[in-house]
Each structure stands twice: as structure tokens, then as C-alpha cells.
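Q: Before I ask anything, here is the structure I am working with.
Numbering (the working numbering), first residue to last: 16 to 176.
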């Protein structure tokens, strides 16, 4: 078992199954694109353990509380780690997290986007630790996301051969 998988287990965290797209939806891009020493991770949302989209869905600040948004961002981190494991074979190949871009589905009355996306950043820091888990980040609010997801997050990581 890899160091990162041991860390996940120690934290009581489990990776979900690979993403199950809703019926009729066809994927026309990779979840993870590897180019040289970098992996570019497409936008991910929160998943249940079986790989299906996790609820609750809707707008943070209206349909979901800040805490539920934070939890959705944590589930999104686990979904992204699951995709990285499939693409890389071993989560220990992630040398460092470089950049994270988080989008929060909300209306104009909510502006605590960074507090929601902290759910993602906090989990990555817990799993990878200081230097490896530290990353540059943006968090913005948007009027809508696919399938009414509360958050969508993309990232870029430096990888080892």
C-alpha cells in the first residue's frame, strides 16, 4: 500500500469508484491529461462511494449551507484523487499540488466561496501534508454548474515518473 493510501486509511477516508456519468452523457475529454511532468485534472464534482454524483445538489447559500458546500468540496477532492489513481497508478507519484481552481454554484447573495473551497484544500493538505499539499488557488462563484453541482474543481499537479 502506498504512503498516500495509508494516509487516507489513517484519516478514515475512502476513494469513490470511478465517475459514473448520468445516463445519456458522453465524455469527450480525459479526466486527467498527462503532459511531461504535469497532470492537468478536469473539473470534478462531489461523488458518492459508487461513483455517482453526491447530493445535496443546488446553490450554496440557498439550497445548501456553507457546511454542506464545504463537505461537497471535500468529496470533490476524494473524487479527484480517485481519478488521479486511475491515471497514475499510484497517488505517491504526485510530487506536489500546483494550482486549484474552485467554482461554487451560488447566487449573488452568497460570497464566501473561499470558505467552501477550503473543504478541498484542507483535505489535500491533510493527505499530502505541508509542501506537497500546498497549492495556489482561486475560488469564484458562478450562476450554475453542470447537473446542478454545488462545486466544481479543477487542478494541476507535478508528477514523478
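Ideal Cβ placement from N, Cα and C applies to all residues, glycine included.
Residue ranges of each alpha helix (DSSP H) run of no fewer than 4 residues wholly in the region 85–156, ordered along the chain?
A: As far as the region 85–156 is concerned, its whole alpha helix (DSSP H) runs of at least 4 residues are 128–143 and 145–148.
Q: Can you tell me which of the three DSSP states residue 17 falls into?
A: Three-state result, residue 17: coil.
Q: Mapping the DSSP letters down to three states, classify residue 35 as helix, strand or coil.
A: Residue 35: coil per DSSP, three-state reduction.
Q: Curious, which full-length beta strand (DSSP E) runs of at least 3 residues does the region 40–89 contain?
A: Those beta strand (DSSP E) runs which fall completely within the region 40–89 and span 3+ residues are 47–50 and 53–59.
Q: Pairs of beta-carbons, one from the region 156–166 and one from the region 103–116, closer than 8 Å: are there three or more?
A: Contact between the region 156–166 and the region 103–116 is absent, because fewer than three Cβ pairs lie under 8 Å.
Q: I need the straight-line Cα distance from residue 35 to residue 123, nearest angstrom please.
A: Approximately 31 Å between the Cα atoms of the pair.
Q: Report the partner residues of residue 170 according to the DSSP bridge assignment.
A: Bridge partners of residue 170: 56 and 115.
Q: Identify whether residue 165 lies in helix, strand or coil by the three-state DSSP scheme.
A: DSSP places residue 165 in coil when its eight states are reduced to three.
Q: What number of angstroms, rounded off, separates the C-alpha of residue 78 from the C-alpha of residue 84?
A: In a straight line, the C-alpha of residue 78 is about 10 Å away from that of residue 84.
Q: Does DSSP put residue 175 in a helix, a strand or coil?
A: DSSP places residue 175 in coil when its eight states are reduced to three.
Q: Does the count of Cβ pairs from the region 86–96 and the region 128–148 closer than 8 Å reach three?
A: Because the criterion of three Cβ pairs below 8 Å is met, the region 86–96 and the region 128–148 touch.
Q: Pick from 30, 142, 153 and 51: whose alpha carbon is nearest that of residue 101?
A: Considering only alpha carbons, the answer is 30.
Q: By a C-beta neighbour count over all protein chains shown, 10 Å radius and 16 as the cutoff for buried, is residue 95 buried or exposed?
A: Buried is the call here.
Q: Closest to residue 45 by CA distance: which of 147, 54 and 73 is it?
A: When each option's Cα is compared against that of residue 45, the closest is 54.
Q: Cβ of residue 57 within 6 Å of any heavy atom in the ligand ADP?
A: Absence of the ligand ADP from the depicted structure is noted, as is the absence of any ligand whatsoever, leaving it without description.
Q: Tell me whether residue 42 is buried or exposed, calling it buried when 16 or more other Cβ atoms sit within 10 Å of its Cβ.
A: Exposed, since its Cβ has fewer than 16 Cβ neighbours within 10 Å.
Q: Which one of 166, 148 and 18 has the shortest CA to CA distance from residue 62?
A: Checking every option, the nearest Cα to that of residue 62 belongs to 166.
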